[in-house]
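Working notes for the structure below.
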Amino acid sequence: MEGLRTVTRGRKLDPTSERLIPELTPAVTPVNKVMTLEEALDRTAELAEKALSRGTFGVAGLLTGPGGMVYAEAMNMTQRKGKPYDPTGHVERQLIDWYFEAARAGAKLPPPGHMLILSSLDPCAMCSGSTIKAGFKTVAIDLDGGEAGIHDVHGLPHRMPRELWAVAESSIHLITSRSGRALLSRQFPESEAPGPKRLSGIIERCRNAFEHSYLQMLYGLEKNRNGAAGDLRTLLRDLHSELPDTLEIPPAEIHTVAGGNRRVIEGLLGDERVCLIDPHGRPLLIARGREELSPIRIAVIELVRSYSQFRSHVHDSHGIDMPGMKSLSVLMRDAPATPIDAFHQLGSMGTFVLEKGHEGGMPLLAYLNGDDGRIRRYAGALPPHYTRHEGFFAGTLPF
Ligand SMILES: [Zn+2]
């Protein structure tokens, strides 16, 4: 740590870059153009290919309203310039946050119930939870090989708590399903659906873009698995002036969240705040949700975005590797109370564990109060990407 102190003391920081605020919708572009369904599908496939060529996941989508109006387009941005950037930078999450930002800035947009996201890939649990919470609809062009998408082998959006099946069936569709086709022909009333041959060509392009990027990512991640742990608390304190405004450092007198500190911790975690902790239960950073700005900006998502981007910043500016999420946990005061909150939180945590195998020996999503059995059941209903990776579990703290 001595070396680091020297680095930060000697270094003159550009005041504008000191408090980096993570970008919410970095890969969204406003469009405002009426398209035919075929043009929209074509554009989605084209953007998925563009995302692949940028070294992130080859996934893209359009935000559409009634009459074939396309309001915005988005590409995946979990990686930027070949490096991990924002694990939550998925297409649907960005488009929904963009919608609420634009609406707040005065843009005239149809209500959420009329908005449909055309996505090149079956949405993950975070994005499905976001779609349901925000009241949007999503039609996915391709399945993802059954890993992280919410559609099961019968083509039903059932990889989630059973309580949500009905709402998911009305919100999230595959383009090859009758309900998906019906929804698209309502949203694009002036255009004919592309014929089967044309459609399978588009599905093929979306599939190739994703599969190629997935392989690229697996190889790339191998190189990124050596985040040094060190004394992270000291490191964060040394760098506190560079932390984004979205993150706070917990009081120094709380050494771990165990034992007599429990009441203090409960206080820290009020107002739906969450705390990043290391495997020994040492609190590292606190984040809070911004649900007043967008119903999907829950504290877990804000923490993932901020921590990941701060970690990249520390790497680039100081050459220090902070640990990745696979050795850390997120602590909240109360277990999620409703199936949709549980699904959305668990799904968002799932974006962390892309790096495979949580190693902390602690729940990835930990809480002080709540019913373990219920949360385990919810977690067990998630797509295989979440359940198969050992260590992805949620529950009360072991101490
Ligand atoms: Zn997603």
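Its first residue numbered 11, the sequence shown is counted upward by one per residue in the working numbering. The C-beta atom is built at its ideal place from N, Cα and C for all residues, glycine as well. None of these values were measured; they are calculated from a predicted model.
- If we ignore side chains and look at the alpha-carbon of each, how far apart do residue 185 and residue 322 end up? 37 Å
- Simplified DSSP assignment, three categories, for residue 136: helix
- Query: Can you find a heavy atom of ligand 1 that lies under 6 Å from the Cβ of residue 100?
  - Reply: yes
- Query: So, helix, strand or coil for residue 88, using DSSP?
  - Reply: coil
- Message: Let's test the definition: count the other Cβ atoms within 10 Å of the Cβ of residue 360 and tell me whether it reaches 16, buried, or not, exposed.
- Response: buried
- Query: Do the CB positions of residue 296 and residue 260 come within less than 7 Å of each other?
  - Reply: yes
- At which residue ranges does the region 241 to 312 contain complete beta strand (DSSP E) runs of 3 or more residues, listed in the order of the chain? 284 to 287, 293 to 297
- In its own chain, which residues sit with a C-beta less than 8 Å from the C-beta of residue 233, not counting the 5 before and 5 after it? With a pLDDT of only 42 at residue 233, under 50, the local geometry of the prediction cannot be trusted, and no value is derived from it.
- Rounded C-beta distance between residue 136 and residue 358? I'm assuming under 8 Å. 4 Å
- Query: How about residue 107 and residue 327: are their beta carbons less than 7 Å apart?
  - Reply: No.
- Task: Please classify residue 440: is it buried, with 16 or more other beta-carbons within 10 angstroms of its beta-carbon, or exposed?
- Result: As displayed, the chain neither begins before 11 nor continues past 409, which places residue 440 out of reach and without an answer.
- Task: Tell me whether residue 137 counts as near ligand 1, meaning its Cβ is closer than 6 Å to at least one heavy atom of that ligand.
- Result: yes
- Item | Helix, strand or coil at residue 211 according to DSSP, with G and I counted as helix | helix
- Message: Less than 8 Å between C-beta atoms, sequence neighbours within five positions excluded: which residues of the same chain meet that for residue 257?
- Response: 295, 296, 297, 313, 316, 317, 320
- Can you list, in chain order, the residues of its chain whose CB lies under 6 Å from that of residue 238, leaving out five sequence neighbours each side? Confidence at residue 238 is low in this model, with a pLDDT of 37, below 50, so the placement of that residue is unreliable and no value is reported for it.
- Return yes when the Cβ of residue 84 is within less than 7 Å of the Cβ of residue 38, no when it is not. yes
- Message: With the cut-off set at 7 Å, would you say residue 254 and residue 32 are in Cβ contact?
- Response: A contact, by the Cβ cut-off of 7 Å.
- Query: Within this structure, are the beta carbons of residue 182 and residue 206 separated by less than 7 Å?
  - Reply: no
- Query: Does ligand 1 have even one heavy atom less than 6 Å from the beta-carbon of residue 216?
  - Reply: Every heavy atom of ligand 1 is 6 Å or more from the Cβ of residue 216, so no.
- Task: For residue 163, count neighbouring C-beta atoms within 10 Å of its own C-beta (all shown protein chains included) and say buried if the count is 16 or more, exposed if not.
- Result: exposed
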